[in-house]
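Report on the structure given below.
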Amino acid sequence: MTNEALTDISKVQFFDVETLKHPHETYALLREKAPVFHIPMLNMHVVTRYDLVREAIKDTETFSSVVDQFFGGAANQQMIESAPENIQKELRAIYGQMLPQPGTLISVDEPIHTKYRSIVAHLFTVSQIRKAESAVQSVIDKTLDNFAKDGKAEFVTAFANPVPLRIIGDRLGIPEEERVFFDEAATAAAAGLRFNPIDGDEMVRRARLALELQGVLVRLIEEARVDPQEHMISILANGTLEGEDRQLTHGECVSILNQFLVAGHETTSSTFGWGMLMLCQDPEIQSRLRDDPSLVNIFVEEALRLESPVQGLPRKVTKDTELGGYPLKAGELIMLRFGAANRDEGQFECAHMMDLERPKAKAGAQLAFGSGVHFCPGAPLARQELTLGFPALLERMRNIRLSSDHDVPTADPSFLLRNLPELHIEWDLT
Ligand code: HEM
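Under this note's numbering, residue 1381 is the last one in the sequence shown; the count climbs by one each step, no gaps.
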């Protein structure tokens, strides 16, 4: 098969704002007509079918996670070059002061990936997740105390953002006095992954925050080396890289911590938002979850599947090959579209519907957390937050609905992530 077969869908504008806000129709068309869809301008192929996304994830030799265009120094360089000329100098000066950060975890391949993963594995053990349960519940309850009695709220600001941010900050070991700064810096770092157009002032603001955050993290790493604690920063700071018998450098620690703080809140926040929207749009789901709280596990898997927080991530093709019969050349990029694979009818019956009866193994086969060696290490933490969070929300809020004073919420037009920027809701008091 060649890409000529794509001419009938040549009108697909993958990066159009409307497509990014409402991608599911385009995904369906691509899955059917061109599951490996070439975007010549970027020399990138978008992969939308479940079986092909899985096939590519598994073959880490052919499809590498080392994608400079998206991660690390080369991405910063591209950002500087795209900035208005008058601020390029300022941005260069800020980035010039930054500690070089080597690729770790999400942007490296085996065998170095395995070494970083084995350090991170200590952070998300079953016993650690269990031990954290009451602390997670307490953050959820305290956050709810702030607004549950109001009968209405903008849910993203009131709950979906602050809960995961507070929890990841606690787990990392961010001191109380740094929290306001940490929340701002983590939010700015996550916003960077949206690849939305921003003006020069915003570029400078984000770069300054990133530099300052790096300074704070290095200080906390040093403190943890002198006085080890149980939190994530301390475990990383004092861990040893397998086979090399050495501690991580500051740059390696900061690179991993940056991934935690971006991945650790924006994604979970997304599913709180989308899950809440699904509850508002379907009162029957609300009553079924209230009647049988054990259904919350399937509800969370289905919410993750239907509106996957990470819509897609890139891989670099390392040698001439093919995927699903489509030719790919060494050096090209593929974009694994988890959000499209998760609505593939070939894998999930009635893929566009929330199905609380979906067998557990089927629901759990969704790819929102990826798969294979890069499978999200934070998945147990995210699932814990979500499965404790939704029952608490349903207990404190009855008859949850969209606010009639606001427009129907729509997603941010982001290329990689899928978040609701705001969600105005109302409810009856219990
Ligand atoms: C609903 C919540 C979340 C979703 C949907 C999500 C999604 C993902 C996905 C799709 C990947 C795979 C990357 C790849 O294949 O290249 C990933 C990796 C990763 N996630 Fe998550 N994530 C979530 C929560 C978290 C949390 C809470 C943390 C940390 C506390 C975290 C930390 C990471 C890290 C460090 C990686 C890189 C792992 C590696 O490359 O080995 N994520 N995540």
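For glycine and all other residues, C-beta sits at the position ideal for the given N, C-alpha and C.
From a predicted model like this one, the values you see are computed outputs, not experimental measurements.
Between the CA atoms of residue j and residue i - distance to the nearest angstrom
i: D1271; j: L1279; result: 6 angstroms
i: V1247; j: F1341; result: 7 angstroms
i: L1003; j: K1009; result: 10 angstroms
i: H1182; j: R1176; result: 12 angstroms
i: R1157; j: S1069; result: 31 angstroms
i: R1294; j: H1303; result: 6 angstroms
i: I1118; j: D1096; result: 16 angstroms
i: C1327; j: F1211; result: 10 angstroms
i: R982; j: T999; result: 5 angstroms
i: H973; j: Q1180; result: 45 angstroms
i: N1027; j: Q1052; result: 11 angstroms
i: M995; j: H989; result: 6 angstroms
i: L1050; j: D1178; result: 23 angstroms
i: F1014; j: A1007; result: 6 angstroms
i: L1074; j: K984; result: 42 angstroms
i: P1113; j: F1022; result: 26 angstroms
i: Y1046; j: I1149; result: 18 angstroms
i: E1346; j: T1381; result: 8 angstroms
i: V1155; j: A1281; result: 35 angstroms
i: P1364; j: R1197; result: 43 angstroms
i: L980; j: G1275; result: 16 angstroms
i: L1367; j: L1144; result: 7 angstroms
i: H1064; j: H1325; result: 9 angstroms
i: E1032; j: R1130; result: 32 angstroms
i: P986; j: I1186; result: 42 angstroms
i: A1034; j: G1202; result: 26 angstroms
i: A1330; j: V1077; result: 11 angstroms
With 16 other Cβ atoms within 10 Å as the buried cut-off, status of residue i
i: E955; result: Caution is warranted here: a pLDDT of 43 is assigned to E955, below 50, making its placement in the model unreliable, and the coordinate value is therefore given only provisionally. With fewer than 16 other Cβ atoms within 10 Å, it is exposed.
i: D1265; result: The identity of residue 1265 in the sequence shown is Pro, whereas the question assumes Asp. Counting Cβ neighbours within 10 Å, P1265 comes out buried, since at least 16 surround it.
i: K1093; result: exposed
i: D1060; result: buried
i: G1369; result: It should be noted that the sequence gives Arg, not Gly, for residue 1369. Buried is the call here.
i: S1058; result: buried
i: T958; result: Low local confidence applies: a pLDDT of 45 at T958 is under 50, so the model's placement there is unreliable, and no value is given.
i: G1215; result: buried
i: F966; result: exposed
i: A1140; result: buried
i: A1044; result: exposed
i: M952; result: Below a pLDDT of 50, predicted positions are generally treated as unreliable, and M952, at 44, falls in that range; the measurement from the model is reported next regardless. When all chains shown are included, M952 counts as exposed.
Residue i beta carbon near ligand 1 (any heavy atom closer than 7 angstroms)
i: I1125; result: no
i: G1329; result: yes
i: T1138; result: no
i: G1215; result: yes
i: H1064; result: yes
i: H1325; result: yes
i: L1344; result: no
i: F1320; result: yes
i: T1219; result: yes
i: A1333; result: yes
i: Q1039; result: no
i: Q1020; result: no
i: S1016; result: yes
i: T999; result: no
i: V1087; result: no
i: Q1079; result: no
i: T1076; result: no
- [ ] Assess, as a yes-or-no matter, whether the region 1221 to 1228 is touched by the region 1305 to 1315 under the definition of 3 or more beta carbon pairs within less than 8 angstroms.
- [x] no
- [ ] Tell me, please, whether the region 1114 to 1126 touches the region 1366 to 1379 by the rule of three or more beta-carbon pairs shorter than 8 angstroms.
- [x] No, the region 1114 to 1126 is not in contact with the region 1366 to 1379.
TODO: Examine the Cβ distances between the region 1349 to 1365 and the region 1199 to 1212 and report whether three or more of them are shorter than 8 angstroms.
DONE: Touching, no, given that fewer than three Cβ pairs across the two stretches are closer than 8 angstroms.
TODO: Mind the definition here: the region 1185 to 1204 touches the region 1145 to 1164 only if three or more C-beta pairs lie below 8 angstroms; say whether that holds.
DONE: In this structure the region 1185 to 1204 does not lie against the region 1145 to 1164, because fewer than three pairs of beta carbons, one per stretch, are closer than 8 angstroms.
Task: the region 1125 to 1141 touching the region 1095 to 1106, judged by at least three CB pairs closer than 8 angstroms - done: no
Task: Contact between the region 1234 to 1254 and the region 1344 to 1352 (3+ Cβ pairs under 8 angstroms) - done: Short answer: they touch.
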